[in-house]
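Asker: Supplied in structure tokens, the structure appears directly below.
In this note's numbering, the protein residues as written are 1 to 137.
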């Protein structure tokens with residue numbers, strides 16, 4: 001009987017003290033929620049930044065495709081001549097097509113023309129550029 005009483009007292013003593021309670025305190029739970037909230041906010045910021053970057057890349061790709069189409073249409077119109085042509089992309093953004101003969105700049109006097117064809121956007125940043133050899137005049 002003494003053994004049973006001792007075992008019962010030990011069990012009661014283990015569960016009696018406030019230090020031996022299982023679970024988390026209110027402060028610990030609040031800190032955990034704060035950390036979870038901060039992590040969620042950071043995840044949303046990263047996702048938003050990534051979305052903006054993907055949209056910019058897609059807009060650049062579309063502009064480059066349209067610029068290449070502008071150059072191909074100009075080539076289909078006939079022989080190249082130096083000059084500027086202006087227009088607007090499908091989204092309304094202005095572009096400029098510049099055709100330049102590079103022979104004088106390269107010192108290629110009697111050679112066939114070497115055309116630099118460049119499409120720039122509104123900030124004069126090249127969107128598409130290529131070199132096209134011309135036929136002997």
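The beta-carbon is built from N, C-alpha and C at its ideal position, and this holds for glycine as well.
Pull up the CB-CB distance for residue 86 and residue 96, whole angstroms please, since I reckon it's below 8 Å.
Answerer: 5 Å between Cβ atoms; contact.
Asker: Cutting at 7 Å between CB atoms, please list the residues of its own chain near residue 94, excluding the five before and the five after it.
Answerer: Answer for residue 94: 86, 88, 122, listed in chain order.
Asker: Can you pull the DSSP bridge partners for residue 130?
Answerer: Answer by DSSP bridge pairing, in chain order: 117.
Asker: Going by DSSP, which residues form a beta bridge with residue 83?
Answerer: 99.
Asker: Return helix, strand or coil for residue 94, following the three-state DSSP convention.
Answerer: Note: residue 94 maps to strand in three-state DSSP.
Asker: Using the three-state DSSP reduction, which class does residue 124 fall into: helix, strand or coil?
Answerer: Coil.
Asker: Take every Cβ of the stretch 68-79, pair it with every Cβ of the stretch 125-135, and state whether three or more of those distances are shorter than 8 Å.
Answerer: Enough Cβ pairs lie closer than 8 Å, so yes.
Asker: As a quick exercise: from 100, 73, 124, 134, pick the residue whose alpha carbon is nearest that of residue 110.
Answerer: The shortest Cα separation from residue 110 among 100, 73, 124, 134 belongs to 134.
Asker: Tell whether a beta-carbon distance below 8 Å holds between residue 101 and residue 113.
Answerer: Yes, Cβ-Cβ distance for residue 101 and residue 113 is below 8 Å.
Asker: Under a Cβ-count criterion, where at least 16 other Cβ atoms within 10 Å of its own Cβ denotes burial, should residue 159 be classed as buried or exposed?
Answerer: Past the boundaries of the shown model lies residue 159; the chain is included only from 1 to 137, so the question cannot be answered.
Asker: Are the CB atoms of residue 105 and residue 118 nearer to each other than 8 Å?
Answerer: No, Cβ-Cβ distance for residue 105 and residue 118 is not below 8 Å.
Asker: Once the 5 residues before and after residue 103 are set aside, which same chain residues still bring their CB inside 8 Å of it?
Answerer: Answer for residue 103: 109, 111, 113, 114, listed in chain order.
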